[in-house]
Every structure is written in C-alpha cells, then in structure tokens.
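Engineer: Got a structure for you, questions after.
Residue numbers (our numbering), protein chains in the order written: chain A, 1 to 168; chain B, 1 to 498.
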C-alpha cells in the first residue's frame, strides 16, 4: 500500500462521528401513512365481501382480514425498529445519512459534487411541520441522498448551509 | 475571431441536406408501415385497375409532400454563433430556439450514415451534459464547414491543432486483417444471443401479421419432427451446435465490422479523436477531462494475442437509456497503446503493481448459496413439469459449469489503489479492469446485509457520473479506511470532475 498509515489515521473518520437522529414526530408520520393505506385496503376488502354475491369467486376473503392485520402490524414493527437507525450528520464538506436494520446503508455526498438541493413537504409530514432534504449529484439518482423527517426550520437551515457550501 | 465570422450570421446546412432529411423521413415512414406494405403486396391480385391508379397517385402525392416537408425543414434550420453561444432556430410551424453556451458542450461528433457517405456530407452532433434533451444534430455540412464549426465551438487554437494533426501518426489504426482477428476472438455467445434477439423480434412482428393468413403450420410441422433414432438426434444436436457456432462467429464478425471498421485513434490536445464504423461512420472527439472511467477488457484468447478492448465512460446526462450511447469502445489495443491512453487519463502505471485486495470468502459462499437454491428450485420445476427423471442428468453438465463460473468470478474479483486511482477487477471468462480516478466519484455508499454484518463485510458502491462501480464484500475496517480516504480525496480535490 503506497499511502502511509499515518496519513490514513489523520483522516476524519466516518465511523467515529456522532450521528443525529431524525425527528421523533416522523415516526407518527410513518404510522399515520401506514394506517391510512391499510384502512383503505380494509374498506376495499369489506366492500368486496359485502357486495360480491358469488362468494365462490373469493373463497378466502375472510382470511384476507387476518393477512392484512398481520401485514399491518409487521410493517409497523419493522418501521418502528428501523426508525431509530435513521441518522444523519453534516460536516464541513459533506453530508452523511445512514439507515436500515436488515439492509444497512450509509451514504455520503461531498458538497462539491452536489448539483442541487431540494426541500419537499409531503402532505402528512406537513401536519407535523416536517420536511425532507434531497440532494442530487451527477451520479445515478437511485443512490442520491434523502433525509426524511427533519423539522422544517432545521431543514431550511440545512438547505441554506449546503447551498452556501456549494457556491462558496 | 476571424474563424468565427463564418458563423456570425445565421447559416443553413448544405443544400444536400434536403436529401438527407428526405431519406430520414422516408425511413421513418417505412419503419412505421412496412408490415402494412407486406399485407398490401399480398393482396395485389384482389385489387382492380382503378383502385391501383388511385393508390399510385396517393403514394406519389405522399412522396412529394414528404419532399416539400424535407425542404421546409431544411429551410427553417438555421444556426449561428454569438457571444460564446451556439444558437439554433428550427421548426416549420412550431418554432424552436435553442442556445447552448460553449462551456456546456461536452462533445462534438461527426457522423456519416450511408446517404451521407454517398453525397459526402457530415452530420455534426453537439452533445451537452446536464439536462436530458439538449442534443443537437446538424444533418448535413460539407467537411470544411463541419471542421470550421467544430473549431469555432471547441475554442481550440486552430494553428497548433493543424500542425499537430499534420505531424501526428494515429495512436491506433486497425486494418481489416486486425479487425478480423478481433472479431474471431469476440464473445461469440453474447453476439449469438444478440442476433437471436434481433431475429426473434422481427419474427414476432411478422408472426402477428401472418397469423390468420394461414402460414403458421410451417413452424408446426417443423417442431413435429420427432426422430426416434438416438443416433439421429445426436447428429441433429451436433449440427445444430455447429450452425449456432457459425452464426455466432458470423454475427460477431458483422457486429465488429459495422461498429469498428477503419478504426483510427488520434491523440490531440488532451483529447482523443476516434473515427470508426462502416455504414454509419462516427467521428468522436473525447476530451480526457470528460472521461469518468476506463475499462480495459480482454479474454483468454485475446490475451494470448496481446490485444484488448477499451471502453471509455463519459458522464451520462439525465436519462439512463442513453447510457449505451455514451460508451465509447475501441478494439484491438496493444499494451503500449493502452499505456499511452492510461497516461493521458492520469492513470499511473504503478497502479497495476499495488497490493491486491480480494473479496472476503463470504462473497464466494453467497454465490454458492444462491446458485444452490436456484438449482434446487429449477430441478423441482423440471420434475414437476416433465415428470421424467431423465432430465436431471442435465445437472451433470450444469453443476460443474456453475462451479467453474463461480470460481472464475471469485478469482477475478479484486481491487487495488494508489494515491489517485482505484482499480477494480471483475469478470468470469472475460477480464474487465476498471480504472477510476478518485476525484471523479460523485457519492459513496456502504451497504451491509444482516448476513454480511455477521462476517463484518460490506459492499462499497461508488457512484460516478457514468454509472456505479461496486466493490463487493470488503472487510469492514478496510472499507471504512477506504471510505474516509475517498472522501478526503474528493473533498480536497480542486480539479473539475468533467
């Protein structure tokens, strides 16, 4: 290895950073969204059950309630556990986000490679005045960085900070 | 700015451009209606004289209409250069104005399709990075004018370029014989598959037309051939394999010839000037700064002959679909030529002698696991569907092949790096070596599944403007060191990544 170990030791270490958790209200946003989706599904199943005359077409319709409940609960738990893993940190020259329980993922985007920053507020998030920060690079957008669930004032500050770093 | 004066006012394309545009319109119409034409020709006998004359008049009017349209397109296509901007006006009824500033121009390419080669005009396309819809093609320019436009747009000092061009020999020139050698050592299986895919697509289209006309029993009869003699079936099998082999070799040959005929590579002013192609002759100026990474690939036979092919990857704009378009491949490179190319891209030759890191053993274990599951499922399906255990003998052939491919893939996967450049190796039968200067990296990912967590390994995914590069199953502490180092390199770099 050509570059000396001393040099490596002096580099800022991504694994020794104190990451910041996203706002706890975002857990409510997730739960609410899941609840809304599943309520809709329940209504669909209910309508099917009561209105479709020929039960023979859907012999297992009673089972689907249990399936829905099971899915609902397991999704809630999965997001609940995963929630505490969603963390981010801003440094002078880059922004890092990590998440995931079964599939852990850490992404770092250096400010010097950011094309633009977006701040968006989804309908449910807006109730809790939360926002998402999305940064775009010239790379494949599937691996660009998104931090969901930051208080809007803070998100604005972060956006401003990143913008300054890009232009500065 | 004497050179630019030619383009100070709006200028049109060469009048021959009408022909080129006309040809394109005709081709477009033909592509949309060829199936209808076939049906029409089949029904010839059913039509009366009178109907015929109407049809002929209709077609004639249509052709004249297209010609007028081509003329109008030509007449309304105007371009000029003003204040460091390329300005283009086009459109017959819907007018469109495009202006591109010089610094956003990524490439200026020359192209010649068959018509353009015959009437000796050049198509100049101007590629820009960034937004998705900003590629401009000027269909027909004389060579002098095309050159003048290129010079004006690329802001290169004209005199030095001319001197250089006169003095320089091409770095790489592939004659017909060398091309033959290249095509014989191609990946024939891949080319066969491409060929089959193309033929299948055509057949599918034809089939849709002919079902109902009553020709489908041709295929039916064919599959009904049922040789009872084992010897016969083996013979048929061997002949089939031979035919496929020949088709494979032929299709490699045609493909290589079509894309790489008369390949020449010049090096000028920190850029590559690549010309190649038979029916469509393409000339590409590729500035070294805009190349994101290069991949040097070879296979066992090519290695024996000492040749490999090089793929240049440039920044992709917006759409992923265009990715293929932005890959520039040159074939038949010798070792010295590759060295020169690497030097131009600041890839230090020492990189090949650095410590080689191989993936963790988990990498090969996972592959074995996935393939085993696949085998079990596949065998299950075969047993279930065919209800005949004799097919399971196929495993005798498939299992050793799978093991061989997995072992090869594991053996060829590695990474090594020096201060500036990362080298990632992969491949099974072919060997691909990708050289990526650290500062071209856009963002960096560390991914770890729960199984990888137990073994303390991660996948590193490096995003560049021309696609991602994955280093699989790196030991976690080593990955973090590399992660930190790459961030340091990217953030401390002052050079522009394109």
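Quick reminder that beta carbons are idealized off the backbone N, C-alpha and C, glycines included.
Run the CB neighbour count on residue 179/B, radius 10 Å, all protein chains shown included, and call it buried at 16 or more, exposed below.
Structural biologist: buried
Engineer: What residue range is occupied by the uninterrupted beta strand (DSSP E) comprising residue 457/B?
Structural biologist: 457 to 464
Engineer: Can you check DSSP and say which residues form a bridge with residue 169/A?
Structural biologist: It is not possible to answer for residue 169/A, since the shown part of chain A is limited to 1 through 168.
Engineer: Whose C-beta lies closer than 7 Å to the C-beta of residue 108/B among residues of the same chain, with five residues either side of it excluded?
Structural biologist: 124, 126, 150, 153, 154 and 285
Engineer: When the Cα atoms are used, what is the spatial distance from residue 413/B to residue 449/B?
Structural biologist: 20 Å
Engineer: How would you label residue 216/B, buried or exposed, when you count the other beta carbons within 10 angstroms and need 16 or more for buried?
Structural biologist: Because the pLDDT of residue 216/B is 46, which lies under 50, any placement of that residue in the model is unreliable, and the number read from its coordinates should be weighed accordingly. Exposed.
Engineer: Quick check: residue 524/B and residue 18/B, are their CB atoms within less than 8 Å of each other?
Structural biologist: Absent from the structure is residue 524/B, since the part of chain B shown begins at 1 and ends at 498.
Engineer: Going along chain A in order, which residues have a C-beta closer than 7 Å to the C-beta of residue 491/B?
Structural biologist: Here the neighbours are 93, 94, 110 and 112.
Engineer: Could you list which residues in chain A have their beta carbon closer than 7 Å to that of residue 448/B, in chain order?
Structural biologist: 104
Engineer: Assign residue 110/A to buried or exposed, taking buried as 16 or more other Cβ atoms, counted over all protein chains shown, within 10 Å of its Cβ.
Structural biologist: buried
Engineer: Is the Cβ of residue 139/A closer than 8 Å to any Cβ of chain E?
Structural biologist: Checking the listed chains, one finds no chain E in this structure; the protein chains it contains are A and B.
Engineer: Given residue 192/B, which residues of its chain have a CB within under 7 Å of its CB, disregarding the five upstream and five downstream residues?
Structural biologist: 244, 247, 248 and 251
Engineer: Tell me, please, which residues DSSP counts as bridged to residue 123/B.
Structural biologist: 111/B
Engineer: Near residue 80/B, which residues of its chain fall below 7 Å by C-beta distance, leaving aside the five closest residues on each side in sequence?
Structural biologist: So the list reads 7, 8, 9, 10, 11 and 87, once near-sequence residues are dropped.
Engineer: Whose C-beta lies closer than 7 Å to the C-beta of residue 440/B among residues of the same chain, with five residues either side of it excluded?
Structural biologist: 292, 293, 464 and 497
Engineer: Which two residues bound the contiguous beta strand (DSSP E) that contains residue 313/B?
Structural biologist: 308 to 314
Engineer: Which term fits residue 197/B, buried or exposed, when burial requires 16 or more other beta carbons within 10 angstroms of its beta carbon?
Structural biologist: exposed
Engineer: In chain A, which residues lie with their C-beta within 9 Å of the C-beta of residue 467/B?
Structural biologist: Chain A residues near residue 467/B: 139 and 140.
Engineer: Just to confirm before moving on: does the CB-CB distance between residue 96/A and residue 114/A stay below 8 Å?
Structural biologist: no
Engineer: Quick check: the Cα distance between residue 345/B and residue 471/B, rounded to an integer number of angstroms?
Structural biologist: 22 Å
Engineer: Is there contact between the stretch 60 to 72 of chain A and the stretch 37 to 47 of chain A, where contact requires at least three CB pairs shorter than 8 Å?
Structural biologist: yes
Engineer: Run through chain A and tell me which residues come within less than 7 Å of residue 314/B, C-beta to C-beta.
Structural biologist: The premise fails here: residue 314/B is roughly 11 Å from chain A at the closest Cβ pair, so nothing lies under 7 Å.
Engineer: Just to confirm before moving on: does the CB-CB distance between residue 474/B and residue 468/B stay below 8 Å?
Structural biologist: Taking the C-beta atoms as reference points, residue 468/B is found no nearer than 8 Å to residue 474/B.
Engineer: In chain order, what residues of the stretch 153 to 167 of chain A put their CB closer than 8 Å to some CB of chain B?
Structural biologist: Contact annotation: in the stretch 153 to 167 of chain A, no residue has its CB less than 8 Å from a CB in chain B.
Engineer: At a CB distance below 8 Å, what residues from the stretch 9 to 29 of chain A approach chain B? Give them in sequence order.
Structural biologist: Here the close residues are 11, 12, 13, 14 and 15.
Engineer: Would you say residue 107/A reaches chain B, if we count a Cβ-Cβ gap shorter than 8 Å as a contact?
Structural biologist: yes
Engineer: Got a sec? Which residues, its chain only, sit under 6 Å from residue 121/A by beta carbon, not counting five neighbours each side?
Structural biologist: 131
Engineer: Suppose only complete runs of 3+ residues qualify. What are the beta strand (DSSP E) ranges in the stretch 23 to 68 of chain A, listed by chain order?
Structural biologist: none
Engineer: How many angstroms separate the CA atom of residue 62/B from the CA atom of residue 270/B?
Structural biologist: 49 Å
Engineer: Return the chain-ordered list of same chain residues with a C-beta closer than 7 Å to the C-beta of residue 503/B, the five sequence neighbours on each side being excluded.
Structural biologist: Lying before the first or after the last residue shown, residue 503/B is absent from chain B, which here runs from 1 to 498.
Engineer: For residue 145/A, return the contacting residues in chain B, with the cut-off set at a CB-CB distance below 9 Å.
Structural biologist: 443
Engineer: Quick check: is the beta carbon of residue 342/B nearer than 8 Å to any beta carbon in chain A?
Structural biologist: no
Engineer: Taking the beta carbon of residue 159/B as the centre, do at least 16 other beta carbons fall within 10 Å, making it buried, or is it exposed?
Structural biologist: Reliability fails at residue 159/B, whose pLDDT of 41 lies under 50, so the model's placement of it is uncertain and the value that follows must be treated cautiously. Flag for residue 159/B reads exposed.
Engineer: Which of the residues in the stretch 35 to 57 of chain B, read from start to end, lie with their CB under 9 Å from any CB of chain A?
Structural biologist: none
Engineer: Beta carbon of residue 128/A, beta carbon of residue 20/A: below 8 Å?
Structural biologist: Cβ atoms of residue 128/A and residue 20/A: not closer than 8 Å.
Engineer: Hey, could you find the ends of the alpha helix (DSSP H) residue 82/B is sitting in?
Structural biologist: Segment 78 to 82 is the beta strand (DSSP E) holding residue 82/B; no alpha helix (DSSP H) there.
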